Amino acid sequence: DLNPLNISKNETYLDYEKQKIRACYTTYSKNELFRKNSTSGGVVTNLIYELLKSKEYDGAFVLKFKDFDGEPVRLDLINNPEDLISSAGSKYLPASIFHILRKIKEDPIKKYIIVGTPCQFHSINKFLNHKRLDIRKNLLFLGLFCDGTLNFNFIYYIKQLYETENKKIQKFQYRSKEKYGWPGHSKIEFNTGRKFILKRDFRIFCKRYFVLNRCLYCYDKLNNLSDISFGDCYVAGKANKDGNSNIIIRTRKGEQTLNKYSHLFYSETEDFKKIAKSQNIHLKAKKLEYNKSLYEIKRIGMKDFLFINSKMILARFYLKRGQKYSSFLLFHFYILKLYKYLISHLRTRN
């Protein structure tokens, strides 16, 4: 699905975003424990804790992860708010929503909090529509900003680099503020008791090789289908080594929820344009235009070429797995190939 939000042909991503925004904030939790153990401001953990403690919701689906042992990674249901600390922090790996779909189908009247990425929320909504389950009012979607997820090969790669016969990875944190503060570096703990900090630049570098294929087409970084969206604060002058969060209120339910528990957080109103700029949303907007072009190619039926934009044309037959070509280096080559293809196509038709 190249356009899961059904953005119209003449509409930009930012135009669509602005229609669904009630308020934006830069914020962090007043609870130092939550803030310390979270990747950014601890707002998601603190909010879920209070919602479960007050019994407003029957449970929350969150992602727990220490080390990939070969078992399926799934969002798990927790009912005890004290279990939240173990699920705090960012985990950049694909997680199944199997438990969520099974639970909401079995107990449609129960109320659940779901913490997830844009693609997970899109899948859940498609499931609800397919099964004709009118239970969206029972679910609170707390969405995470997402700039792409690493596949499991990244974990295997880390193990190949650092594990030995007598030294095994016991715990892996994608981002830890423990030593250098926000935005955090990866932290590896071994069964020998040794701890090792893996620089953030290395994880970002690995993204180009281990990112999920679907993430290459995704433009919904700010989690448009959520009630409240949460992410790291990169707004100029607002970043903090202890971690701050940017949040976007998208629905009335989200607005009411945050207002009820606003006393738990230090918050100040933020301009959406500043959040969008700090998150490099213009790059995601380009992906939307790319996807529109792909859709047109699919509709027209030209199999040999992918039109990326007015400056780049990729020849499908010339691409190899994992390779990316600069439009500046190969543009003329692709133009010649396109010209030959069109001439051949026209001659065939005549």
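According to this note's numbering, the sequence shown is numbered sequentially starting from 4.
Ideal Cβ positions, reconstructed from N, Cα and C, are used throughout, including at glycine.
Nothing here was measured: the structure is a model prediction, and the numbers come from that model.
- Bounds of the beta strand (DSSP E) holding Leu145 are Leu142 to Leu147.
- Burial state of Ala98 is buried, judged by a 10 Å Cβ sphere holding 16 or more other Cβ atoms.
- By the Cβ criterion, the stretch 211-218 is not in contact with the stretch 107-114, since fewer than three pairs of Cβ atoms, one from each stretch, lie closer than 8 Å.
- Counting the other Cβ atoms within 10 Å of the Cβ of Leu201 gives 16 or more, which makes it buried.
- At least 8 Å separates the beta-carbon of Asp274 from that of Lys224.
- Per the C-alpha coordinates, the member of Leu55, Ser126, Asn154 and Gln173 positioned closest to Ile116 is Leu55.
- Straight-line spacing of the CA atoms in Ala239 and Ile284 works out to 15 Å.
- Counting only the Cα atoms, Lys180 lies some 7 Å from Thr42.
- Burial of Gln282 is indicated by the presence of at least 16 other C-beta atoms within 10 angstroms of its C-beta.
- According to DSSP, Thr29 shares a beta bridge with Asn249 and Glu271.
- Nearest to Leu228 by alpha-carbon distance, out of Thr254, Arg206, Ile207 and Tyr237, is Thr254.
- In the three-state reduction of the DSSP assignment, Lys241 falls in the coil class.
- In the structure shown, the three-state DSSP call for Glu166 is coil.
- Within the same chain, Ser32, Asn34, Phe37 and Leu267 come within 6 Å of Asn49 by CB-CB distance, once the 5 residues on both sides are set aside.
- Taking C-alpha positions only, Leu147 is separated from Tyr269 by approximately 19 Å.
- Straight through space, the alpha carbons of Val47 and Ile100 are spaced by roughly 19 Å.
- Following the DSSP letters along the chain, one finds His133 inside the alpha helix (DSSP H) bounded by residues Pro121 to Lys134.
- Per DSSP, Leu55 lies in no beta strand (DSSP E); the unbroken alpha helix (DSSP H) holding it starts and ends at Val46 to Lys56.
- Given a length threshold of 3 residues, each whole run of the beta strand (DSSP E) inside the stretch 147-208 is given here in chain order: 172-179, 188-193 and 198-201.
- DSSP lists no bridge partner for Asp230.
- In this structure, the CA atom of Lys198 is about 5 Å from the CA atom of Glu192.
- DSSP places Gly62 in the uninterrupted beta strand (DSSP E) bounded by Gly62 to Leu66.
- Across the structure, Thr152 and Leu349 are spaced so that their CA atoms are roughly 43 Å apart.
- The continuous alpha helix (DSSP H) containing Leu261 extends over residues Arg255 to Lys263.
- Taking 8 Å as the cut-off, the Cβ atoms of Arg178 and Ser90 do not count as close.
- The continuous beta strand (DSSP E) containing Leu80 extends over residues Leu78 to Ile81.
- Secondary structure at Ile278: helix, using DSSP grouped into helix, strand and coil.
- Between Trp185 and Lys106, the C-beta gap is not smaller than 8 Å, which leaves the two residues out of contact.
- For Gly44, the closest C-alpha among the options Asn83, Gly246 and Ser265 is that of Gly246.
- By the CB criterion at 8 Å, Ile250 and Tyr28 fall inside the cutoff.
- Distances from the CA of Asp137 to each of Phe155, Lys210 and Lys114 were compared; the closest alpha carbon is that of Lys114.
- Cβ neighbours of Leu261 within its own chain (closer than 7 Å, five residues either side excluded): Ile231 and Ile252.
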